[in-house]
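Okay, so here's the structure we're looking at.
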Amino acid sequence: MKSTTLPSSGIFKSHQKVSKLVVTEGIRSTNPNAESLFEQITSSRTTYRRLVAGILLTTVLSIAAKMVLPAGYLNALGNSSTLMLAAGACVGFAGATYLLARFVLNCELRHLILASAFITIAEGHALQIILDIRMPGSLSAGWVSSAAWTISGILFACSAYVNTTCKTGTRRSALVQSLLVCLLVLVGPLIAVPYVIDGPLNTYISTMEQGSVPFLAAGMLTRLAAVVLYLVTLIGFFRRTYTNNDRMAGMICFAFIPLIVSLAFRMVSTTRFDDWSIISLILESLSWLAIMCGFCIQNAIMQREAQDRLQELDALHQVSWSVVGTGTLHDLLDLYARTHQEQLGVKVAAVYLVDETGYNLELYALRGPADCPGAIGKKYPVMSENRWPGFHTGHTAKAFLTKEVQVANDVFVDVEFIPWRMVASDDGCAVSLPLVVRNNSIGVVNLYFEDCKLLTRQRLRLLSIIAGAAAPAIASAMEKKNNQEPELGIAA
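Quick note, in the numbering used here, the sequence shown goes up one by one and the last residue is 496.
Put into structure tokens, the structure is as follows:
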């Protein structure tokens with residue numbers, strides 16, 4: 005094969021003009037279906053606007069509920085405050101357990117701090133229930149939960165900005181470290197237990213809260229500090245979501261929306277069981293429900309991704325063996341296309357290689373239904389002065405010329421290798437993967453999925469890796485076929 009270098013003027017400039025005019029909408033380098041609904045909701049692209057809108061909407065709806073609902077409904081909900089606190093304590097303990105396990109597995113310090121924050125809230129709620137039982141009807145028994153919210157706010161704010169990873173040692177040292185961590189997380193909040201079960205101390209605090217202005221001011225400042233700390237936490241988790249694409253941080257951001265509004269209402273409430281305090285407790289319960297559902301959904305997604313990765317690794321292994329030990333170039337590419345079809349759920353697979361001129365792509369392998377329009381050996385021009393749509397304006401030629409992956413979500417744009425009956429019946433998409441060696445395009449692999457949801461972001465990354473790994477083997481087979489060592493494809 006001759007070394008081919010396309011000129012930088014003339015026909016190439018003409019093709020650039022044609023591409024700008026003729027390339028239709030739907031050809032993208034990314035797939036909008038590559039993200040799940042949960043990923044799209046917590047996506048860093050629009051999280052900031054959604055967070056602000058969520059806080060405003062929650063505030064407006066809460067104020068409207070207070071104005072519209074009769075007082076009897078709010079009082080009835082206030083009577084079930086113990087159940088709400090118990091539910092919050094259970095979710096807090098569950099979240100702390102999950103995060104402690106995450107810390108033991110990956111030794112990220114932020115997970116330890118998050119576990120401490122959740123356990124602080126959980127034990128604060130549990131102690132608050134004990135205090136309410138010991139002092140029924142008391143309006144001043146909310147100091148325990150207020151202190152828990154402030155301390156947990158400090159821990160949450162720290163976790164949002166910490167990126168330290170602890171070092172792991174031997175198995176024995178890891179076990180000792182895990183036990184010390186559990187003791188550290190659990191023992192800290194338990195220090196407050198003697199003060200909670202001390203009846204005279206609680207009576208004294210109740211008396212001070214009812215008649216002491218400094219005590220009231222200290223309580224107000226404590227609740228205000230909790231609101232500020234959780235706002236700082238929200239900003240920190242948003243930054244983590246935006247910069248690191250951290251799904252857990254994005255989930256916590258959305259779960260904290262009703263929680264921050266709840267703490268703001270708690271700050272303006274005058275007594276423990278007034279309307280604002282009851283609405284605050286309801287919003288807090290909604291926040292716990294959002295956190296619980298968020299963790300469950302995240303675990304389900306992680307399990308699905310782990311299964312997909314195992315399947316894709318097996319597919320990568322099969323594809324890797326498909327390019328080893330084959331005979332002719334046609335045999336290699338036919339096995340390569342067939343492996344994509346059998347292992348990766350591809351409906352149609354086609355492999356094009358550049359010819360000696362560098363201006364045409366020749367179809368070397370095609371796997372799919374018998375009525376696929378492509379013919380082995382047929383050549384297609386990658387550039388032309390013809391301004392009408394054709395192969396030279398489609399995603400295959402664009403992938404070859406730009407050396408970038410192209411995804412056609414609207415397969416009506418370019419269906420040179422897909423039967424029309426298949427296009428009409430499926431909700432599919434096509435992806436063109438360039439074969440690049442030494443920054444030179446030597447061909448394109450076209451894959452068609454009958455369901456666009458099959459082309460996930462992880463699957464697209466795997467296909468790109470496979471194409472990049474197979475390109476040198478294909479180039480060697482091309483050189484062997486031509487019995488020389490040329491510079492293949494289009495020069496960079």
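By construction, the Cβ of each residue, glycine as well, lies at the ideal position given by its N, Cα and C atoms.
ask   = How many angstroms separate the CA atom of residue 153 from the CA atom of residue 109?
value = Annotation: residue 153 to residue 109 spans about 28 Å, alpha carbon to alpha carbon.
ask   = Going by the beta-carbon positions, is the gap between residue 475 and residue 441 smaller than 7 Å?
value = For residue 475 and residue 441, yes; Cβs fall inside 7 Å.
task = Return the bridge partner residues of residue 453 from the DSSP annotation.
result = Paired residue(s): 433.
query = Which value, in whole angstroms, describes the spacing of the CA atoms of residue 429 and residue 478?
reply = Their backbone Cα atoms lie some 34 Å apart in a straight line.
request  = Drop a sphere of 10 angstroms on the beta-carbon of residue 338, count the other beta-carbons inside from all chains shown, and report buried for 16 or more, exposed for fewer.
outcome  = Buried is the call here.
key: Touch test, the stretch 91-101 against the stretch 295-311, Cβ-Cβ under 8 Å, three pairs minimum   = When C-beta atoms of the stretch 91-101 are compared with those of the stretch 295-311, three or more pairs fall below 8 Å, so the two segments count as touching.
ask   = How big is the Cα-Cα spacing for residue 273 and residue 310?
value = Those two C-alpha atoms are separated by around 47 Å.
ask   = How should residue 316 be labelled, buried or exposed, when 16 other C-beta atoms within 10 angstroms of its C-beta is the threshold for buried?
value = It counts as buried.
message = DSSP three-state label for residue 445, please.
response = Correct three-state label for residue 445: strand.
task = Return the chain-ordered list of same chain residues with a C-beta closer than 7 Å to the C-beta of residue 386, the five sequence neighbours on each side being excluded.
result = So the list reads 363, 364, 365, 396, 401, 404, 405, once near-sequence residues are dropped.
query = Which residues bound the beta strand (DSSP E) around residue 386?
reply = Secondary structure note for residue 386: it is in no beta strand (DSSP E), with a DSSP letter that is neither H nor E.
ask   = Touching or not, the stretch 283-294 and the stretch 438-456, by the rule of three or more beta carbon pairs under 8 Å?
value = Below 8 Å, too few C-beta pairs join the stretch 283-294 and the stretch 438-456 to call them touching: fewer than three.
request  = Take residue 304 as the anchor and find which of 356, 241, 334, 251 has the nearest alpha-carbon.
outcome  = For residue 304, the nearest C-alpha among the options comes from 251.
ask   = Which whole-angstrom value describes the C-beta separation of residue 163 and residue 114, a residue pair presumed to lie in contact below a C-beta threshold of 8 Å?
value = Right, their Cβ atoms sit about 5 Å apart.
C-alpha distance - residue 265 paired with residue 166, whole-angstrom precision = If you take the alpha carbons of residue 265 and residue 166, they lie about 25 Å apart.
Among 456, 469, 249, 422, the one whose alpha carbon lies nearest that of residue 408 = Ranking the options by Cα distance to residue 408, first place goes to 469.
task = For the alpha helix (DSSP H) containing residue 276, list its first residue and its last residue.
result = Run containing residue 276: none; DSSP gives neither H nor E here.
message = With H, G and I counted as helix, E and B as strand and the rest as coil, what does DSSP make of residue 232?
response = In the three-state DSSP reduction, residue 232 falls in the helix class (H, G or I).
key: Candidates 376, 334, 361: closest to residue 352 by CA position   = Each of 376, 334, 361 was checked against the Cα of residue 352, and the nearest Cα belongs to 376.
message = Our contact map puts residue 456 next to residue 486 with C-beta atoms below 8 Å; I'd like the distance itself, whole angstroms only.
response = Contact flag wrong, Cβ pair sits at about 38 Å.
ask   = When we look at the beta-carbon of residue 271 and count the other beta-carbons within 10 Å, is it buried (16 or more) or exposed?
value = Looking at its Cβ environment, which holds 16 or more other Cβ atoms inside 10 Å, residue 271 is buried.
message = Taking the alpha-carbon of residue 85 as reference, which of 398, 133, 52 has the nearest alpha-carbon?
response = Measuring from the Cα of residue 85, the nearest candidate turns out to be 133.
inquiry  = Mapping the DSSP letters down to three states, classify residue 348 as helix, strand or coil.
reply    = In this structure, residue 348 counts as coil in the three-state DSSP scheme.
ask   = Is residue 369 helix, strand or coil when you go by DSSP?
value = Three-state result, residue 369: strand.
inquiry  = Once DSSP output is grouped into helix, strand and coil, what is the label at residue 41?
reply    = Because residue 41 sits at a pLDDT of 49, beneath the cut-off of 50, its placement in the model cannot be relied upon, and the following sentence gives the value as read from the coordinates. Looking at residue 41 - three-state DSSP - the assignment turns out to be helix.
request  = Select from 119, 319, 341, 158 the residue whose C-alpha is nearest the C-alpha of residue 236.
outcome  = Among 119, 319, 341, 158, the Cα nearest to that of residue 236 is on 158.
request  = Just confirm the distance between the C-beta atoms of residue 354 and residue 333, as a whole number of angstroms; I'd bet it's less than 8 Å.
outcome  = With a Cβ gap of about 15 Å, residue 354 and residue 333 do not count as contacting.
request  = Return the Cβ separation of residue 257 and residue 55 in integer angstroms, given the expectation that the two are a contact with Cβ distance under 8 Å.
outcome  = Contact holds; Cβ gap of about 6 Å.
task = Return yes when the Cβ of residue 345 is within less than 7 Å of the Cβ of residue 322, no when it is not.
result = 7 Å or more divides the Cβ of residue 322 from the Cβ of residue 345.
Coarse secondary structure for residue 110, derived from DSSP in three states = Note: residue 110 maps to helix in three-state DSSP.
query = Between residue 260 and the rest of its own chain, which residues show a CB-CB distance below 8 Å, the 5 nearest in sequence each way excluded?
reply = Around residue 260, the same chain offers 234, 237, 238, 241, 291 as residues with beta carbons nearer than 8 Å, after the five sequence neighbours per side are excluded.
ask   = Which residue or residues does DSSP assign as beta-bridge partners of residue 169?
value = DSSP lists 112 as the beta-bridge partner residues of residue 169.
Span separating the alpha-carbon of residue 473 from that of residue 467 = Between residue 473 and residue 467, the C-alpha separation is close to 10 Å.
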